[in-house]
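Please read the structure below before turning to the comments.
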Amino acid sequence: MKKAMTISYEIGDSLYLNITNKCPCSCTFCIRNNGDGAYGSDPLWLDHQPSFEEVRENLSKRDLGSYRQIVFCGYGEPTCELELLKQTADYIKSVCNVSIRLNTNGLSDLINKRETASELEGRIDCVSISLNAPTKEEYDAVTRPSFDADCYSAMLKFASSAKAYVPEVMFTVVDVIGSEEIERSRKVAESVGVKLRVREFIDE
């Protein structure tokens with residue numbers, strides 16, 4: 003495992019933010035199982051938890067307004083550092099008008115032990131939530147969360163709540179789950195009132 007301090011990295015015309023390596027899940031398809039980086043990035047394993055000052059200094063060296071989108075997505079669950087996420091989003095909003103997306107497992111309420119969707123208002127323009135599977139049993143088997151609580155229901159509730167505070171909310175699944183599961187997942191998304199995006203599995 004190679005460690006560095008890769009706080010931000012580019013993919014195409016978007017900037018991705020790697021603000022933590024913490025995550026309460028151990029998904030069977032997680033990209034972290036396959037290497038130290040993503041899409042040719044430097045290692046995304048952080049040698050320490052960055053502070054807001056470190057994140058701001060890193061971002062100050064980039065032309066943030068030049069990106070199509072800025073995405074909280076690295077080698078960890080961004081809402082594990084919710085205060086840092088909010089501070090960083092506020093900073094970005096103060097210097098440019100670029101859309102901000104949060105890629106999340108949707109377990110922020112369990113992680114932070116409170117309802118958190120409202121804290122994204124005015125900060126996050128799109129929330130992309132890993133649905134992973136169409137039923138609780140399949141979800142638990144694939145996601146392998148560390149909480150004893152009903153994580154599947156918590157994730158669905160977070161998605162439903164987020165619609166009131168974030169302009170765009172979507173579920174995602176990885177294409178390796180198969181066409182039948184994808185269609186069942188689409189029905190789950192429709193029941194919550196959000197769209198479904200099917201992501202390609204990246205095996206690096």
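Taking my numbering, the leading residue of the sequence shown gets 3, the next gets one more, and so forth.
We treat Cβ as the ideally placed atom computed from N, Cα and C, and that holds for glycine.
Alpha carbon to alpha carbon, how far is residue i from residue j?
i    : j    : result
T145 : R70  : 30 Å
C75  : K138 : 24 Å
G31  : V73  : One detail in the question is off: residue 31 reads as Phe in this sequence, not Gly. Looking at the two C-alpha atoms, the distance is approximately 20 Å.
S163 : E117 : 9 Å
Y93  : W47  : 24 Å
E183 : E59  : 43 Å
V57  : A119 : 23 Å
Y141 : E83  : 23 Å
E185 : G14  : 29 Å
V190 : P136 : 6 Å
C153 : A91  : 26 Å
P147 : E55  : 31 Å
F149 : A143 : 13 Å
C98  : Q89  : 15 Å
According to DSSP, what are the bridge partners of residue i?
i    : result
F74  : L19, L104
I13  : S16
L198 : F173
What does the Cβ neighbour count give for residue i, buried or exposed, with the cut at 16 atoms within 10 Å?
i    : result
R199 : exposed
N23  : buried
G67  : exposed
A151 : exposed
G180 : exposed
Pop quiz: residue i and residue j are said to be a contact at Cβ under 8 Å. What is the actual Cβ separation, rounded to whole angstroms?
i    : j    : result
L19  : I33  : Contact doesn't hold; Cβ gap of about 16 Å is too wide.
V196 : M157 : Wrong, their Cβ atoms sit about 12 Å apart, outside the cutoff.
T174 : I113 : Contact flag wrong, Cβ pair sits at about 19 Å.
K95  : R125 : 7 Å
I102 : D127 : 5 Å
C80  : L104 : Here residue 80 is Pro; the residue named in the question, Cys, does not match the sequence. 6 Å between Cβ atoms; contact.
Hey, which unbroken runs of the alpha helix (DSSP H) at 4 residues or more fall wholly within the segment 105-152?
Runs of the alpha helix (DSSP H) inside the segment 105-152: 110-114, 138-145.
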